[in-house]
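Shown next, in C-alpha cells, is the structure this report addresses.
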Ligand code: XMP
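In full-length UniProt numbering, the protein residues as written are 10 to 534.
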C-alpha cells in the first residue's frame, strides 16, 4: 500500500490516481492523522503531498511526532512532494527559508550524479517540470544530498537513501511534468521495490467478501437506483454478494428524460437482473411542483417527496418480509470521502455540500439504516472499470451525468405549465441523438436542452407563430466543478436547430449557451 498524507494540494487526488494507474493500491488520508492511524495501514511507502502552506506559519499542518522514527524502524519509504519535501527537510534538521526567487510554472531541472530517486543513469538529464512553491530549501540535514537542481540553482530534489527519505520540489503527478510518471514509476518499482498487482477484480472480490462478512444471512438491504452509473454499479455489486436480499427501487418522478424509465428499467432487469420495483410517483411530484418557480424550492420539494416515496417503499417491504431492512446501499465515491474532511487551510471546499445534492435523496433519518458503500474507495473512472467487470453495458457506463431533480431544473419556471416537459423531452432527445450520431457523445461531459418560459415570434409555413425558445447546452469538464462550453461545427448546429423546429410543435427558436462555469453553472437552475 502507498499511503498519501494530504496537506491540501489541489493535486493530491491526482497522485492517488496516478499510483493506482500503475496497478499499485494507494489511499489518501488527512496529513495530520495520528501515528496510530498511519501505522494501522501498514504502508510500504508514504507520500507527503504538497499544500498551500508555509512550514513557517505556526499552524501549518505536519506529520505526527514519531513518524520519521517509525518509518526508519519499519523500513517504510517516504517521499515528500513540494510542501511535503519542506516538511521532511525542516522536521529532520535542515532549513527551509522563505524563497527569494519564487518558482512557479514550467521549469527545467538537471539531475545530479548518483541520484537514486531518478536512477544512476540519469545524471545530467534535463527535464521540464511543474513547480509551484514560495519557500526553498537552503540547508539539508546530515545524510541528505541534492538529487536535482532547478535552472536557477534551487534544490529540485533531495534524498537520503540510507534512511529512505526522498523529496521532489516539483509535482511529478501533473502532465506539465512530462517525465513525472517515469520518475514515480522508477521510485516505486526500482527504489521502493513495490510490487504492482492491484486489479479491479481484486477490489470486486474484496468488497463482495466484506459485504458477506458484515451482513447476517437474515439481513435485507435496500437501494434507490437513480439511473446513474454509481448507484447502478453499487447495486449490481451488492446483488452479486447477497442475491435477492437486495431490494431496489426506481422512482419515476415525472421529471425524467425521453423514454428514460423504459430504457433504464430494461438495463436493470434484462441486462443486470436486479430485483427492482419501479414506482410511478409522477403525479405526486408534479402536483407538489405546480406553481413553484424558485429553483431551490423545487429542489427541496423534490428531495422531500423522494424521501417519503422511499419511506413508503421500505415500509411496504417490511410488511412483505416481516422484518425491517437493515442496510442501505449508496454509491458514494472516494472523492466525496476525502473531501468530507479536507485538511485545514487547504482552501478546498467540502465538495460534500455540493455533492450532497447529487444523491437521489436524503437518507430517511428515523429509519436508522446502516450504510453499505462499496465504491467508497474508488474514483469515477475506476467505477466504470468495475462496472465493466460486472457486465454493466458499456453505453450505460458512459452516460452523461443527470441531476437528481431531473428536468425540473431544465424547465425554467413552473415545470407543470402547458406541455413544457414534453416539449423539452423531444428537443433533448433530438439534440442527444444528433450528438451520438455525430460520434461526439464521449467527448462531451454533459449535453442537454433547456426550456425557456419565453415566447418569440417566428414564421413557419405561411403562418406567423408565437412559440417557445429552447437553449442547447453542451460542456466539457473533468469533475463538474468547472466547465467549458463545447464548440460544435456550425453545420452540426444548423442541422440540429432545423430538426428541432421542424419536428417539435411549439418551438420556433433555438439558441446555444456559450458560457463556461464559472461564471455560469452547468445547469440553468
Ligand atoms: P452545476 O449546475 O452546479 O452542476 O454547475 C454541476 C454538476 O452537478 C449536477 N447537478 C446536480 N446533480 N442534483 C444532482 O444530482 C442536483 O440538484 C444537481 N444540480 C446540479 C449537474 O448536472 C452537473 O453535472
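Yeah, the Cβ is synthetic: ideal placement off N, Cα and C, and Gly gets one too.
Treat the numbers as computed from the prediction; the structure is a model and nothing was measured.
Using 10 angstroms around the beta-carbon of residue 140, count the other beta-carbons present and answer buried if the total reaches 16, otherwise exposed.
buried
Can you give me the C-alpha to C-alpha distance between residue 303 and residue 414, rounded to a whole angstrom?
13 angstroms
Would a C-beta distance cut-off of 9 angstroms place residue 343 and residue 385 closer than the cut-off?
yes
Do the CB positions of residue 31 and residue 10 come within less than 9 angstroms of each other?
no
Quick check on residue 502: does DSSP put it in helix, strand or coil?
helix
Can you tell me the Cβ-Cβ gap for residue 248 and residue 326, rounded? I've got them flagged as a contact below 8 angstroms.
Actually they are not in contact, since the Cβ atoms of residue 248 and residue 326 sit about 16 angstroms apart, beyond 8 angstroms.
Please classify residue 127: does DSSP put it in a helix, a strand, or coil?
coil
Say the cut is 8 angstroms; is the CB of residue 310 nearer than that to a heavy atom of the ligand XMP?
no
Euclidean distance between Cα positions of residue 532 and residue 458
10 angstroms
Go ahead and pull the three-state DSSP assignment for residue 515.
coil
Identify, in the order they occur along the chain, each residue of the same chain with its Cβ nearer than 6 angstroms to the Cβ of residue 260, setting aside the five sequence neighbours on each side.
288, 290 and 318
Excluding the 5 residues flanking residue 64 on each side, which residues of the same chain have their C-beta closer than 6 angstroms to its C-beta?
95, 99 and 105
Residue from 48, 59 and 435 whose Cα sits closest to the Cα of residue 505:
435
Under a Cβ-count criterion, where at least 16 other Cβ atoms within 10 Å of its own Cβ denotes burial, should residue 412 be classed as buried or exposed?
buried
Where residue 68 falls, given that 16 or more other Cβ within 10 Å makes a residue buried
exposed
Since I believe residue 86 is in contact with residue 54 (beta carbons under 8 angstroms), could you give me their beta-carbon distance rounded to a whole number of angstroms?
5 angstroms
Contained beta strand (DSSP E) runs [length at least 3] in the region 199-260, N- to C-terminal order:
230-234
Runs of alpha helix (DSSP H) lying entirely within the region 410-464, each at least 4 residues, in chain order:
429-446
Is residue 98 helix, strand or coil when you go by DSSP?
helix
Near residue 59, which residues of its chain fall below 7 angstroms by C-beta distance, leaving aside the five closest residues on each side in sequence?
16, 18, 20, 90, 91, 92, 93 and 180
Here's the rule I'm using: 16 or more other beta-carbon atoms within 10 Å means buried, otherwise exposed. How should residue 337 be labelled?
buried
Can you tell me where the alpha helix (DSSP H) with residue 476 in it begins and where it stops?
Not the alpha helix (DSSP H): residue 476 falls in the beta strand (DSSP E), residues 472-485.
If distances are taken between C-alpha atoms only, which option among 470, 487, 347 and 428 comes closest to residue 461?
428
Taking just the CA atoms, how far does residue 486 sit from residue 209?
25 angstroms
My output table needs one value for residue 491: the three-state DSSP class, helix, strand or coil.
coil
Where residue 289 falls: helix, strand or coil (DSSP):
strand
Can you tell me the Cβ-Cβ gap for residue 388 and residue 26, rounded? I've got them flagged as a contact below 8 angstroms.
6 angstroms
Under three-state DSSP, which class holds residue 36?
strand
Among 172, 328, 282 and 301, the one whose alpha carbon lies nearest that of residue 418
301
Which same chain residues end up closer than 8 angstroms to residue 132 when comparing Cβ atoms and leaving out the 5 residues on each side of it in sequence?
120, 121, 122, 123 and 124
How many angstroms separate the CA atom of residue 217 from the CA atom of residue 407?
24 angstroms
Strictly under 9 angstroms for the Cβ-Cβ distance: is residue 394 near chain D by that measure?
No chain D appears in this structure, which consists of one protein chain only.
Bridge partners of residue 140, per DSSP?
114
May I ask you to report which of helix, strand or coil DSSP gives residue 183?
coil
With a Cβ-Cβ cutoff of 9 angstroms, do residue 157 and residue 127 count as a contact?
yes
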